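Q:
Chains as they are written, first to last, in full-length UniProt numbering: chain A, 1 to 404; chain B, 1 to 289.
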């Protein structure tokens with residue numbers, strides 16, 4: 001250790017170090033000045049892991065919103081910078097990234113956390129750091145957290161989603177339901193509301209929680225098939241749903257299958273042999289296709305049919321920017337105070353940040369209606385209204401059945 | 001109920017255990033010769049899975065030639081990475097090397113992501129329905145995987161047992177100083193061991209990929225089970241790795257069938273705890289030097 005201290009640093013290195021430190025101190029006020037001029041917002045989306053297919057486009061959408069606002073001179077006389085971090089669809093990585101966004105970048109809001117486990121882990125950092133959090137996670141438990149208004153979500157909660165799953169099973173004349181899911185913060189709440197809905201329709205439901213890191217789910221499939229289900233509902237993410245679908249096919253299961261739209265997606269259908277996904281039903285919160293906000297988003301990012309998460313994060317960015325403009329300050333606390341005054345109410349209906357800013361400047365109240373839906377929030381931070389889309393894989397393509 | 005479920009669970013465990021055994025052999029072989037745990041195996045398994053996938057879907061190779069490609073690419077990438085980033089740290093000790101290998105695993109995983117993105121890739125193989133023999137359901141692809149894994153193990157065993165190089169490798173593992181006195185070049189032995197071992201991980205990764213799908217985390221998900229298998233069997237013992245992998249595979253499937261899938265890892269590690277309490281060097285491990 002002594003050797004390390006004496007030999008490791010010689011006089012010359014010490015001099016260099018001191019000089020560098022001096023320069024840094026001189027430069028520091030400039031850095032601080034620059035920071036106060038720019039409004040910093042963060043996106044924390046999964047660029048890797050199970051949410052990897054969604055995160056990059058989500059982050060891009062938020063950046064594009066900021067760019068359009070900057071092109072018109074920003075808000076409060078300041079430019080907006082969006083800093084994107086990767087939560088790796090993993091709570092630990094999410095916490096590290098959120099720490100960086102809050103402590104180092106000093107962002108006023110974090111937008112777009114995707115996996116419920118990540119949002120659950122990151123939320124306390126946000127409310128303690130007075131950073132506003134907007135999320136697309138569905139677990140009921142998230143808005144039950146003691147967040148004191150520091151978060152809102154645009155994704156319908158899993159109790160509502162579970163009920164829709166259950167009702168859809170009954171509608172498809174599949175009363176004997178088996179729910180297979182990895183351990184997620186929403187598996188239990190989703191199953192219990194699914195079960196209630198199925199039982200109300202005269203059916204029955206059972207649950208099996210599996211380990212999503214297993215390369216084969218043969219024994220799990222055996223356990224499920226021993227109950228002779230009419231419908232297997234899959235609650236996992238894409239990688240484990242592929243394993244599950246393949247093992248169900250191998251086992252000769254020919255009953256009905258229903259999964260989340262975010263896991264049984266185009267990428268899954270492409271990666272799977274056609275015969276194993278044919279006929280699978282999917283259910284997902286529906287973006288407000290055909291609405292003004294949706295059209296504005298498709299033009300903005302140049303993607304023909306953006307997924308619901310991209311729509312939601314686009315709404316997050318618009319809402320955060322409008323809240324800051326309406327509240328007159330670029331802080332998380334302002335967003336918390338004013339978000340409901342721009343998101344709902346009797347004001348002028350707007351669907352983009354630019355329209356909203358123009359209306360605010362003209363002195364009118366606004367009601368933002370976005371690409372994902374009306375974006376009206378309850379006191380707890382849940383959305384009040386949501387539509388769902390029901391699809392089925394037909395001839396190797398995900399085909400819309402209905403939006404309801 | 002037990003007699004109905006047990007044979008099926010055993011068969012499932014045997015199949016998943018055999019696939020685990022291939023990378024576990026690689027892991028333990030590196031430990032035997034190089035005396036450090038190489039955590040790059042997960043990422044290298046992913047490299048193998050992608051190489052096999054590319055050979056299968058882009059070049060149109062069938063599974064067997066694709067396996068050879070998976071082996072060669074994983075061996076080459078693995079050896080190069082080891083020589084550049086891990087081996088220079090040898091003087092700093094095995095712990096430093098293990099940490100360096102873990103770091104390189106993250107680098108490799110992200111390089112794959114950079115090239116192929118996050119999307120899942122599927123092999124161009126038909127999905128076959130299982131066949132039922134004496135009440136036990138087995139998949140043709142699983143059987144082929146089993147046969148592949150067994151053939152590789154047999155080849156490796158024969159290579160170690162009967163060839164000059166195999167004897168030199170065993171000599172190095174047993175007593176490197178004595179081996180050097182006998183004129184065996186330790187660097188060459190290390191190179192070949194690392195290449196073959198990581199090549200085996202590539203094959204393991206591809207077998208898993210054929211069964212499920214390929215994504216940048218394919219191998220990383222295996223890492224814990226492979227490590228557990230090698231430790232259970234006795235680090236540094238190749239037959240031990242096979243026995244360990246089969247035991248882990250069977251214990252995990254029995255847990256799923258009789259207890260709850262949620263306890264799979266817990267029961268697996270409980271078994272390791274019990275075995276290591278009574279046999280600290282693992283099932284077939286020998287005294288460490």
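Even for Gly, the Cβ is constructed at its ideal location relative to N, Cα and C. Here the structure is a predicted model, which is why all the values come from computation and not from measurement.
Using a Cβ cut-off of 8 Å, pull out every chain B residue sitting near residue 286 of chain A, in sequence order please.
A: None at all; the shortest Cβ gap to chain B is about 23 Å.
Q: On a Cα-Cα basis, can you pick out the residue from A:308, A:396, A:179 that is closest to residue 137 of chain A?
A: A:308
Q: How would you list, in chain order, the residues of chain B whose beta-carbon sits under 8 Å from the beta-carbon of residue 60 of chain A?
A: None at all; the shortest Cβ gap to chain B is about 14 Å.
Q: Out of curiosity, what's the CA-to-CA distance linking residue 176 of chain A and residue 231 of chain A?
A: 6 Å
Q: Using a threshold of 8 Å, state whether the C-beta atoms of residue 323 of chain A and residue 350 of chain A are closer than that.
A: Cβ atoms of residue 323 of chain A and residue 350 of chain A: not closer than 8 Å.
Q: What do you get for residue 171 of chain A, buried or exposed, if any count of 16 or more other CB atoms within 10 angstroms of its CB means buried?
A: exposed
Q: Assuming residue 236 of chain A and residue 211 of chain A make a contact with CB atoms under 8 Å, what is their CB distance in whole Å?
A: In fact, because the Cβ distance is near 11 Å, the residues do not count as touching under 8 Å.
Q: Note down, in chain order, each residue of its chain lying with its Cβ closer than 7 Å to the Cβ of residue 170 of chain B, except the 5 sequence neighbours on either side.
A: 160
Q: Let me confirm a value: residue 222 of chain A is counted as buried when at least 16 other C-beta atoms fall within 10 Å, else exposed. Which label applies?
A: buried
Q: Note down the Cα distance separating residue 234 of chain B from residue 76 of chain B, rounded to an integer number of angstroms.
A: 27 Å
Q: Residue 14 of chain B lies in the alpha helix (DSSP H); which residues open and close that run?
A: 2-34
Q: Who are the neighbours of residue 208 of chain A on chain B, taking C-beta pairs under 7 Å?
A: 261
Q: Where DSSP assigns a beta bridge to residue 205 of chain A, which residues make up the other side?
A: A:177
Q: Going along chain A in order, which residues have a C-beta closer than 9 Å to the C-beta of residue 12 of chain B?
A: Chain-ordered, the chain A residues with CB closer than 9 Å to the CB of residue 12 of chain B read 216, 218, 219, 222.
Q: Find the residues of chain B that neighbour residue 271 of chain A, judging by a C-beta separation of less than 8 Å, and give them in chain order.
A: 119, 120, 121, 122, 213
Q: What separation, rounded to the nearest whole angstrom, lies between the Cα atoms of residue 269 of chain B and residue 228 of chain B?
A: 8 Å
Q: Name the chain B residues that come within less than 7 Å of residue 230 of chain A, Cβ to Cβ?
A: Under the 7 Å cutoff, chain B gives no residues; its nearest Cβ is about 20 Å from residue 230 of chain A.
Q: Would you tell me roughly how many angstroms separate the C-alpha atoms of residue 97 of chain A and residue 266 of chain A, rounded to the nearest one?
A: Roughly 29 Å between the two C-alpha positions.
Q: Quick check on the DSSP output: the alpha helix (DSSP H) that includes residue 285 of chain A runs from which residue to which?
A: That residue, residue 285 of chain A, is in no alpha helix (DSSP H); its beta strand (DSSP E) goes 281-285.
Q: So which residues of chain B does residue 242 of chain A contact, with C-beta pairs closer than 8 Å?
A: Here the neighbours are 120, 122, 212, 213.
Q: By how many angstroms is the C-alpha of residue 222 of chain B removed from the C-alpha of residue 27 of chain B?
A: 12 Å
Q: Find the residues of chain B that neighbour residue 358 of chain A, judging by a C-beta separation of less than 9 Å, and give them in chain order.
A: Simply none; closest approach about 38 Å.
Q: Starting from residue 40 of chain B and walking both ways along the beta strand (DSSP E), at which residues does that stretch end?
A: Where residue 40 of chain B is concerned, there is no enclosing beta strand (DSSP E), given that its DSSP letter is neither H nor E.
Q: Quickly, what does DSSP pair residue 348 of chain A with across the bridge? List them, please.
A: A:366
Q: Please tell me whether residue 195 of chain A and residue 205 of chain A are closer than 8 Å, where the distance is taken between their beta carbons.
A: yes
Q: Considering only their Cβ atoms, is the gap separating residue 86 of chain B from residue 100 of chain B smaller than 8 Å?
A: yes
Q: If the criterion is Cβ atoms closer than 8 Å, does the pair residue 145 of chain A and residue 123 of chain A meet it?
A: yes
Q: Listing by chain order, which chain A residues have their CB less than 7 Å from the CB of residue 251 of chain B?
A: Chain A residues near residue 251 of chain B: none, gap ~12 Å exceeds 7 Å.
Q: Taking 6 Å as the limit between beta carbons, can you name the residues of its chain near residue 331 of chain A, skipping five residues before and five after?
A: 108
Q: At which residue ranges does the region 39-127 of chain A contain complete alpha helix (DSSP H) runs of 4 or more residues, listed in the order of the chain?
A: Taking only runs of at least 4 residues, the alpha helix (DSSP H) segments lying wholly in the region 39-127 of chain A are 55-71, 91-99.
Q: Expressed to the nearest angstrom, what Euclidean distance is found between the alpha-carbon atoms of residue 83 of chain A and residue 166 of chain A?
A: Between residue 83 of chain A and residue 166 of chain A, the alpha-carbon positions lie close to 40 Å from each other.
Q: Return the first residue and the last residue of the alpha helix (DSSP H) that residue 234 of chain A is part of.
A: It is not in any alpha helix (DSSP H) - residue 234 of chain A instead sits in the beta strand (DSSP E) that spans 231-234.
Q: For residue 405 of chain A, which option in A:225, A:274, A:168 has the closest C-alpha, if you only look at C-alpha atoms?
A: A query on residue 405 of chain A cannot be resolved here, the shown segment of chain A reaching from 1 to 404 and no further.
Q: Hey, residue 191 of chain B and residue 141 of chain B: beta-carbon distance below 8 Å or not?
A: Taking 8 Å as the Cβ cut-off, residue 191 of chain B and residue 141 of chain B do not qualify as a contacting pair.
Q: On the premise that residue 125 of chain A lies in contact with residue 150 of chain A, defined as a C-beta separation below 8 Å, what is that separation, rounded to the nearest angstrom?
A: Contact doesn't hold; Cβ gap of about 10 Å is too wide.
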